[in-house]
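Visitor: Residue numbers (the numbering used here): 94 to 500.
The beta carbon of each residue, even a glycine, is placed where N, CA and C say it ideally should be.
I am attaching a structure below and will ask some questions about it afterwards.
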Amino acid sequence: MIKALYTSITGMNATQNALSVTSNNIANAQTVGYKKQKAMFDDLLYNNSIGAKGDGKYAGTNPKSIGNGVKMSGTVTDYSDGTITLTGGKTQAAMEGNGFFVVGDSKGGNMEFTRKGTFGISSDYYITNTEGQYVFAYPANEATGEVDLSGIPGPLQIPMGTAIGGIRTSKGTIKGNIPTGEKQITQDLPVYDNAGNTWTMRVEFKQTSEHNYTYKVQMRNDSKKETEFKDVQGAGGNMTFDAVGNPNPKEQGANIPFDGGSIKLDLSHLTNHPTDKTLSVTDVDGRAAATVKDCFIADGGYVMVKYSDGSMKSAGQLALAMFPNEGGLMKTGNGNYTATNTTGILALGASGQNGAGKVRGGAQEGANVDLSVEFVDLMLYQRGFQGNAKVIKVSDEVLNEVVNLIR
Numbered sequence: 094m095i096k097a098l099y100t101s102i103t104g105m106n107a108t109q110n111a112l113s114v115t116s117n118n119i120a121n122a123q124t125v126g127y128k129k130q131k132a133m134f135d136d137l138l139y140n141n142s143i144g145a146k147g148d149g150k151y152a153g154t155n156p157k158s159i160g161n162g163v164k165m166s167g168t169v170t171d172y173s174d175g176t177i178t179l180t181g182g183k184t185q186a187a188m189e190g191n192g193f194f195v196v197g198d199s200k201g202g203n204m205e206f207t208r209k210g211t212f213g214i215s216s217d218y219y220i221t222n223t224e225g226q227y228v229f230a231y232p233a234n235e236a237t238g239e240v241d242l243s244g245i246p247g248p249l250q251i252p253m254g255t256a257i258g259g260i261r262t263s264k265g266t267i268k269g270n271i272p273t274g275e276k277q278i279t280q281d282l283p284v285y286d287n288a289g290n291t292w293t294m295r296v297e298f299k300q301t302s303e304h305n306y307t308y309k310v311q312m313r314n315d316s317k318k319e320t321e322f323k324d325v326q327g328a329g330g331n332m333t334f335d336a337v338g339n340p341n342p343k344e345q346g347a348n349i350p351f352d353g354g355s356i357k358l359d360l361s362h363l364t365n366h367p368t369d370k371t372l373s374v375t376d377v378d379g380r381a382a383a384t385v386k387d388c389f390i391a392d393g394g395y396v397m398v399k400y401s402d403g404s405m406k407s408a409g410q411l412a413l414a415m416f417p418n419e420g421g422l423m424k425t426g427n428g429n430y431t432a433t434n435t436t437g438i439l440a441l442g443a444s445g446q447n448g449a450g451k452v453r454g455g456a457q458e459g460a461n462v463d464l465s466v467e468f469v470d471l472m473l474y475q476r477g478f479q480g481n482a483k484v485i486k487v488s489d490e491v492l493n494e495v496v497n498l499i500r
C-alpha cells in the first residue's frame with residue numbers, strides 16, 4: 094500500500110504539471126506570436142522479476158514488472174503558424190512559415206528570437222520591440238535602396254528627417270493634339286533645378302499660318318512662390334505639321350537652357366488635327382529635394398521610408414533566423430526564445446531566403462492555440478489528478494484496516 098501511495102503521488106505531480114502547461118496555453122490564447130506547448134509523459138523505473146525458462150516438463154513463466162509511476166518528461170512546442178490578421182500597423186509584421194525575427198542589444202549582440210512582430214520606433218529612430226530590444230535588419234544602400242544580404246544584420250536606424258538632394262530635369266515630352274484653328278495654346282511641365290527646387294516650364298504655341306506654329310518657353314520658380322513667368326532667352330522655335338497633321342519633319346523639339354545645363358524638350362509626338370485639345374506631359378525626369386517623414390514595414394520585411402514628396406525607398410530588410418531543430422529553443426518570456434546546444438547552427442537570412450518563410454507587413458500573427466483542444470486536455474488531466482487522489486484515499490483506508498488488525 095505504501096508503494097501505491099508513492100505511485101499515485103507521481104501521477105498527481107505529473108498531471109499537475111500538465112495542467113500548468115495547458116492553463117498557460119489557455120492564458121496566452123490572445124498573445125501575439127505565442128506557440129502552444131504539449132505535455133509529454135514517461136513511465137518510471139519498473140521492479141522486475143526474471144521469468145523462468147521451460148524445462149521440457151513445465152512451461153516457462155513470464156517476467157513480472159511493477160511500475161513505479163509516471164513523470165512529465167518534458168514539453169513539445171508546436172511552431173505551426175497562427176492566424177495572420179491584417180492590422181494596418183505601420184511597424185507591425187507577421188511571419189508565414191519558418192523563421193523568427195531577430196532582436197538584441199544596441200551592439201548587435203545578445204540575440205534572441207521571436208515571432209512577435211509588434212515593433213515600434215524609439216526616440217532615436219531605431220526599430221525596437223515592446224521590451225526595448227533592437228530589431229535586427231540588413232541595411233540598404235542609401236543611394237539606391239538595394240539591400241545587401243551578404244553582410245551581418247544589426248540594429249536599423251530610420252533616417253528620419255534626413256534630406257535627399259534634388260536632381261535637375263534633363264528631359265520632358267509634350268504629346269497630344271493641337272486643334273487646327275487654335276490661335277494660341279499653352280502647356281506646363283513640372284521641372285527641377287540642381288538644388289531640388291520646383292519650377293514650372295511653360296511652352297506657348299502661336300499659330301502663324303495653317304499647320305505652322307512658333308513656340309516660346311517661360312519659367313517660374315514655384316519654390317520661391319513666384320507668380321509670373323519669365324521668358325527663357327534663346328529657347329523656342331518653329332513647329333510645322335504636314336497636310337494630315339503630323340510633325341514635318343518628324344523629329345521636333347529643342348534644348349532649353351536651364352540651371353547650367355539644358356532640358357531636351359521633345360515635341361515629336363504632337364499632332365494638328367481638327368479635334369479637341371489633348372495635350373499631356375510625359376517622361377519628365379528629375380526630382381525635388383525631400384526629407385524622410387515616415388516609415389513602414391512592407392511585405393517581404395522591407396523597411397520603407399517615405400519622403401515629403403511622396404517618393405519611397407527601402408532603408409533595410411528585417412533579418413530572419415532559422416534553426417535545424419526549433420524544438421531546442423528555450424522560451425524566455427515576452428514572446429522571445431534563446432538558442433541552446435540542441436538547436437543546431439543558426440542560419441540568418443531574409444524573407445524567402447535560406448528556407449525562411451515570408452514576412453507580411455502591417456499584420457500580426459495570432460497564437461496557434463485551439464481552445465477546444467485545450468479544454469479537452471484540461472478535463473483529461475483533471476480526471477487523471479482526481480483518479481490518483483482517489484487511489485491515495487483508498488490506499489489510506491487499506492492501511493487503516495491493516496493497523497486496526499493489531500489492535
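In whole angstroms, what separates the C-alpha of Asp-315 from that of Arg-380?
Guide: In a straight line, the C-alpha of Asp-315 is about 14 Å away from that of Arg-380.
Visitor: Our contact map puts Tyr-219 next to Gln-410 with C-beta atoms below 8 Å; I'd like the distance itself, whole angstroms only.
Guide: At roughly 15 Å, the Cβ-Cβ gap does not stay under 8 Å, so Tyr-219 and Gln-410 are not in contact.
Visitor: Alpha carbon to alpha carbon, what distance is there between Ala-107 and Glu-490?
Guide: In a straight line, the C-alpha of Glu-490 is about 24 Å away from that of Ala-107.
Visitor: Contact criterion: CB-CB distance below 7 Å. Does Gly-160 meet it with respect to chain D?
Guide: The question asks about chain D, but that chain is absent: this structure has only one protein chain.
Visitor: So Tyr-151 is in the alpha helix (DSSP H); what residue range does that whole segment cover?
Guide: Looking at the DSSP string, Tyr-151 is not in any alpha helix (DSSP H), and its letter there is neither H nor E.
Visitor: Between which two residues does the beta strand (DSSP E) harbouring Thr-103 extend?
Guide: It is not in any beta strand (DSSP E) - Thr-103 instead sits in the alpha helix (DSSP H) that spans 95-120.
Visitor: Just checking, does the stretch 439-459 make contact with the stretch 390-401 on the three C-beta pairs under 8 Å criterion?
Guide: At 8 Å Cβ cutoff, the stretches touch.
Visitor: Following the continuous alpha helix (DSSP H) through Gly-480, name the residue where it begins and the one where it ends.
Guide: 464-498 is the span of the alpha helix (DSSP H), which, as asked, contains Gly-480.
Visitor: Note down the Cα distance separating Asp-463 from Ser-215, rounded to an integer number of angstroms.
Guide: Cα to Cα, Asp-463 sits roughly 35 Å from Ser-215.
Visitor: With the cut-off set at 7 Å, would you say Ala-449 and Gly-459 are in Cβ contact?
Guide: No; because the gap between Cβ atoms is not below 7 Å, this pair is not in contact.
Visitor: Report the rounded CA-to-CA distance for Leu-137 versus Tyr-99, giving the unit in angstroms.
Guide: So the alpha carbons of these two residues sit roughly 12 Å apart.
Visitor: Determine the extent of the beta strand (DSSP E) in which Ser-355 is found, giving its start and end residues.
Guide: Unbroken beta strand (DSSP E) run through Ser-355: 354-364.
Visitor: Between the Cα of Val-466 and the Cα atoms of Asn-493, Ala-391, Pro-342 and Ser-116, which residue gives the shortest distance?
Guide: For the residues Asn-493, Ala-391, Pro-342 and Ser-116, the minimum Cα distance to Val-466 belongs to Ser-116.
Visitor: Where DSSP assigns a beta bridge to Asp-387, which residues make up the other side?
Guide: Its beta-bridge partners are Lys-399.
Visitor: Output needed for Gly-509: all residues of its chain with C-beta closer than 7 Å, excluding positions within five of it in sequence on either side, in chain order.
Guide: For the chain, the structure presents residues 94 to 500; residue 509 sits outside this window and is missing.
Visitor: Quick test of your reading: Ala-288 and Ala-383, contact by CB under 8 Å. State the CB separation rounded to the nearest angstrom.
Guide: The pair is not a contact, with the Cβ atoms about 12 Å apart (cut-off 8 Å).
Visitor: Measure the beta-carbon distance from Thr-223 to Thr-211 and round it to whole angstroms, keeping in mind my assumption that it falls under 8 Å.
Guide: Their Cβ separation, rounded to whole angstroms, is 6 Å, which keeps Thr-223 and Thr-211 in contact under 8 Å.
Visitor: Run through the DSSP bridge pairs and tell me what Met-294 is partnered with.
Guide: Answer is Leu-282 and Met-312, bridged to Met-294.
Visitor: On the premise that Phe-206 lies in contact with Asn-429, defined as a C-beta separation below 8 Å, what is that separation, rounded to the nearest angstrom?
Guide: That pair is a contact at about 7 Å.
Visitor: Check whether the stretch 347-358 and the stretch 254-266 are in contact - that is, three or more C-beta pairs closer than 8 Å.
Guide: Flag = yes, the stretch 347-358 and the stretch 254-266 touch.
Visitor: Over the uninterrupted beta strand (DSSP E) stretch that includes Pro-350, give me the two end residues.
Guide: Looking at the DSSP string, the run of the beta strand (DSSP E) that includes Pro-350 is 346-351.
Visitor: With 16 as the cutoff for other CB atoms within 10 Å, does Lys-129 come out buried or exposed?
Guide: It is buried - the Cβ of Lys-129 has at least 16 other Cβ atoms within 10 Å.
Visitor: Between which two residues does the beta strand (DSSP E) carrying Asn-429 extend?
Guide: 429-431 is the span of the beta strand (DSSP E), which, as asked, contains Asn-429.
Visitor: What would DSSP say about Glu-189, mapped onto helix, strand or coil?
Guide: Note: Glu-189 maps to strand in three-state DSSP.
Visitor: Beta carbon of Asn-305: closer than 6 Å to some heavy atom of the ligand SAH?
Guide: By its list of ligands, the structure shown contains no ligand whatsoever, and the ligand SAH lies outside what it can speak to.
Visitor: Mind checking whether Lys-131 and Val-163 have CB atoms under 7 Å apart?
Guide: Result no, Cβ atoms of Lys-131 and Val-163 do not sit closer than 7 Å.
Visitor: Apply the 10 Å Cβ neighbour rule to Arg-208 and answer buried if 16 or more other Cβ atoms are within range, or exposed otherwise.
Guide: Arg-208 is buried by the Cβ-count criterion.
Visitor: Quick one: what does DSSP say Glu-275 is sitting in, helix, strand or coil?
Guide: Correct three-state label for Glu-275: coil.
Visitor: For the pair the stretch 273-290 and the stretch 236-253, tell me if three or more CB-CB distances fall below 8 Å.
Guide: Short answer: they don't touch.
Visitor: In chain order, what residues of the same chain have a beta carbon less than 6 Å from the beta carbon of Tyr-127, not counting five sequence neighbours either side?
Guide: Within the same chain, Tyr-127 has close Cβ partners Asn-121 and Ala-460.
Visitor: Check whether the stretch 193-207 touches the stretch 232-240, counting contact only when three or more Cβ pairs, one atom from each stretch, lie closer than 8 Å.
Guide: No, the stretch 193-207 does not touch the stretch 232-240.
Visitor: Quick check: the Cα distance between Asn-365 and Asp-286, rounded to an integer number of angstroms?
Guide: Between Asn-365 and Asp-286, the C-alpha separation is close to 32 Å.
Visitor: Run through DSSP, which three-state label would Glu-419 get?
Guide: The answer is helix: DSSP assigns Glu-419 an H, G or I state.
Visitor: Quick one: grab the DSSP three-state call for Gly-394.
Guide: Gly-394 falls in the helix class under three-state DSSP.
Visitor: Would you report the Cα separation of Leu-358 and Asp-217, rounded to the nearest angstrom?
Guide: Leu-358 and Asp-217: Cα-Cα distance of roughly 45 Å.
Visitor: Quick one: any contact between the stretch 315-328 and the stretch 288-307, if contact means 3 or more CB pairs under 8 Å?
Guide: Flag = yes, the stretch 315-328 and the stretch 288-307 touch.
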